[in-house]
Amino acid sequence: MSSLLPPPRRFTRVWALVLGIPFLIGLAALTLTPSRVEETMPNLLDVVLTTAHRLGWESLDFTRLEIIANVLVFVPVGILAFLLLPRRVWFLALLVGPLLSAAIETAQRVALPHRAATVNDVVANSTGAILGVALAVVITLLVAPRSSQRPPSRLETS
1 MSSLLPPPRR FTRVWALVLG IPFLIGLAAL TLTPSRVEET MPNLLDVVLT TAHRLGWESL
61 DFTRLEIIAN VLVFVPVGIL AFLLLPRRVW FLALLVGPLL SAAIETAQRV ALPHRAATVN
121 DVVANSTGAI LGVALAVVIT LLVAPRSSQR PPSRLETS
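Its first residue numbered 1, the sequence shown is counted upward by one per residue in UniProt numbering.
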């Protein structure tokens with residue numbers, strides 16, 4: 001499948017770095033600071049939950065919202081890993097999200113006792129990252145330049 005996936009253009013990789021570095025800094029700030037999101041942004045969470053309930057999604061509670069947020073915040077991790085790894089080892093991008101998530105949860109468990117480090121977070125984060133890789137693969141396959149000429153067969157070259 002690596003041959004089906006051309007490497008990203010230099011422009012794409014540069015933009016991945018330009019957007020990815022601040023994103024990863026923000027992710028670190030979100031996950032590796034002592035205070036939890038519900039403590040720092042309670043009004044935002046109330047607005048999201050209230051809006052969801054008004055739109056008919058009454059089953060959405062804080063726990064489900066947290067899972068959805070964990071999945072969504074790691075989708076860019078998978079996309080970045082796919083764009084920045086060499087194409088011959090693109091499949092390693094599938095491991096970046098789970099490894100990063102496990103590292104974050106371990107750091108929370110060891111150094112941030114006020115944070116809740118859970119296996120559920122690792123599963124949700126990993127799901128998001130793997131979805132990001134899958135999305136990047138699909139988009140690459142859809143927009144990759146197609147060679148209009150087929151390579152010559154061995155009979156034609158001899």
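The beta-carbon is built from N, C-alpha and C at its ideal position, and this holds for glycine as well.
Thr140 is positioned such that its CB atom lies no closer than 9 Å to that of Leu24. Taking the Cβ atoms as the reference, His53 lies roughly 7 Å from Leu60, within the contact range of under 8 Å. Taken in chain order, the complete alpha helix (DSSP H) segments of 4 residues or longer contained in the stretch 40–81 are 42–54. Selection Gly132, Val137, Phe91 evaluated against Leu72 yields Gly132 as nearest (Cα-Cα).
Shown here for Glu66: not one same chain residue has a beta carbon closer than 7 Å to its own, the five before and five after excluded.
Taking C-beta separations shorter than 8 Å and ignoring five residues to either side along the sequence, the partners of Gly128 in its chain run Asn70, Val71, Leu72, Val73, Phe74, Val75, Val77, Gly78, Gly97, following chain order. Contiguous alpha helix (DSSP H) elements confined to the stretch 87–132 occur at 93–111, taking only those with 4 or more residues.
By the CB criterion at 9 Å, Leu84 and Arg9 fall outside the cutoff. Contact between Ala136 and Phe82 holds: CB atoms are separated by about 4 Å, below the 8 Å threshold.
Burial state of Gly26 is exposed, judged by a 10 Å Cβ sphere holding fewer than 16 other Cβ atoms. Annotated three-state conformation of Ala144 is coil, per DSSP. The Cβ-Cβ distance between Ala116 and Arg36 falls below 9 Å. Taking 9 Å as the cut-off, the beta carbon of Val122 is found no closer than this to the beta carbon of Ala107. When C-alpha distances from Pro7 are compared across Leu142, Arg88, Ala93, Ile130, the shortest belongs to Arg88. DSSP places Pro22 inside the alpha helix (DSSP H), whose first and last residues are 10–31. Separation of Asn43 and Pro86 (C-alpha to C-alpha, rounded to the nearest whole angstrom) is 42 Å. Look at Leu5 here: in three-state DSSP terms it is coil, with no helix or strand label.
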